[in-house]
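In this note's numbering, the protein residues as written are 43 to 248.
Have a look at the structure below, then the notes.
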């Protein structure tokens, strides 16, 4: 492990075991926790890396993270921002990850979710967040969109949503979303999983 300390913004290079992702608002990937020889540390991921990670990266994977260390004297706070993430050793196996080189334009499918007051107060907001999170987890965020609509005329049975194949659901809650996505997009998920298995050295070295 080496850290340059010449200025307020310096470079760092850490090696350690991947412990977990840090998620904000229940679905937004912000960074990762890395277990190093000096203990556990939080590394915020640069924006261009957040979309490159698949949330199924196995815990315990050895990683090397290179980036910048920013010191805020006013807050007496150090922020680590990862710019590149690579396999820490040559004998790493394969992990599921997004490969930009293999992405192809896909026909966009749309999930309709009622945005009116009755549906929102019955869990519509949490439903939208769960849908977005599950689509990202399964690599479907580029091929499936979530669109808010006006009243679907079934207020007492909210939240109301309509899947791309026109199947209508009522009283759907956030905890039901994983099964719903798997039911309607299992083919796309399996295809994505096959496309996304690449060597970590090539997928995260941006």
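Just so it is clear, CB atoms sit at the ideal spot from N, CA and C, and this is done for glycine as well.
Just so you know, these numbers come straight off a predicted model, no measurement behind them.
- According to DSSP, residue 171 shares a beta bridge with no other residue.
- Distances from the CA of residue 98 to each of 116, 196, 175, 215 were compared; the closest alpha carbon is that of 175.
- DSSP places residue 183 outside both helix and strand once states are collapsed to three, so it counts as coil.
- Between the alpha carbons of residue 119 and residue 113 lies a gap of roughly 6 Å.
- Residues of the same chain with a CB within less than 6 Å of the CB of residue 158, apart from the 5 flanking positions on each side, are 193 in chain order.
- Judged by DSSP in its simplified three-state form, residue 198 adopts helix.
- Taking a C-beta distance under 7 Å as the contact criterion, residue 124 and residue 59 do not qualify as a contact pair.
- Taking C-beta separations shorter than 7 Å and ignoring five residues to either side along the sequence, the partners of residue 190 in its chain run 155, 157, following chain order.
- Annotation: residue 127 to residue 187 spans about 29 Å, alpha carbon to alpha carbon.
- Each residue's CA atom was taken as its position, placing residue 162 and residue 198 some 11 Å apart.
- Separation of residue 108 and residue 56 (C-alpha to C-alpha, rounded to the nearest whole angstrom) is 7 Å.
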